[in-house]
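K.L.:
The numbering of the sequence shown is the numbering used here, which starts it at 1 and goes up by one. Below is a structure I'd like to ask you about.
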Amino acid sequence: MKVAIVGSRRYENKKKIKDFVFKLKEQYGTDTIIVSGGCKTGADKYAKKYALELGLQYEEYPPFHEVHNLYCTMPSSRYGKDFNMKNFFARNKIIAGTSDFIVAFIPEGVEANGTKNVLEYAKKLNKKRIIIS
């Protein structure tokens, strides 16, 4: 089961994310793959942290203007491009497309435009979407 965990850069309730990742492991076992956009803060940061701590597989899809890393599943030639806002949208589309369902962690009252973009792509693909505040 491939589960995208996305959310606001300002999401700091790490207990909710840890508990959710733990439940995924209980439900789907160690074949669970956590997918994230690789942001160094917020929901992405905790998705990576707890996936790895709990022994789950982890895939990262940073925007193409960033550097390829150990967790990127796409070829390194896709990375290191010039900065362009379109890189975020392309990455979001890949995250939605590659995942079986999407979980978005968004704090109350926060506009999370990138997260909403992933959810919109997921909706078009008829993927299950869960939003947690």
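Beta carbons: idealized from backbone N, C-alpha and C, even for Gly. Everything numeric in this text was worked out from a predicted model, so none of it was measured.
Are the stretch 18-28 and the stretch 41-56 in contact at 8 Å, needing three or more beta carbon pairs?
P.N.:
The stretch 18-28, when compared against the stretch 41-56, does touch it at the 8 Å Cβ threshold.
K.L.:
Pro75: buried (16+ other C-beta within 10 angstroms of its C-beta) or exposed?
P.N.:
Flag for Pro75 reads exposed.
K.L.:
Between the C-alpha atoms of Ile111 and Thr73, what's the straight-line distance to the nearest angstrom?
P.N.:
Correcting the residue type first, residue 111 is Glu in the shown sequence and not Ile. Going by the C-alpha atoms only, they are around 29 Å apart.
K.L.:
How would you label Glu60, buried or exposed, when you count the other beta carbons within 10 angstroms and need 16 or more for buried?
P.N.:
Flag for Glu60 reads buried.
K.L.:
Along the chain, where does the beta strand (DSSP E) containing Ala104 start, and where does it finish?
P.N.:
Run containing Ala104: Phe101 to Phe105, per the beta strand (DSSP E) assignment.
K.L.:
Just to confirm, is the Cβ distance from Gly38 to Asn69 under 9 Å?
P.N.:
Going by C-beta atoms, Gly38 is nearer than 9 Å to Asn69.
K.L.:
Report all residues from its chain with a CB closer than 6 Å to the CB of Lys93; omit the five preceding and five following residues, and keep chain order.
P.N.:
Cβ within range, chain order: Tyr121.
K.L.:
Buried or exposed, going by whether 16 or more other CB atoms sit within 10 Å of the CB of Glu26?
P.N.:
Glu26 should be labelled exposed.
K.L.:
From Val118 to Val6, what does the alpha carbon distance come to, in whole angstroms?
P.N.:
Roughly 8 Å between the two C-alpha positions.
K.L.:
Roughly how many angstroms lie between the CA atoms of Arg78 and Lys45, to the nearest whole one?
P.N.:
Looking at the two C-alpha atoms, the distance is approximately 22 Å.
K.L.:
Can you determine whether any heavy atom of the ligand ZN sits closer than 8 Å to the C-beta of Tyr50, and answer yes or no?
P.N.:
Looking for the ligand ZN in the displayed structure turns up nothing, as the structure carries no ligands at all.
K.L.:
Using a 10 Å radius around the Cβ and a threshold of 16 neighbouring Cβ atoms, would you call Leu56 buried or exposed?
P.N.:
The residue in question, Leu56, is buried, as its Cβ has 16 or more Cβ neighbours within 10 Å.
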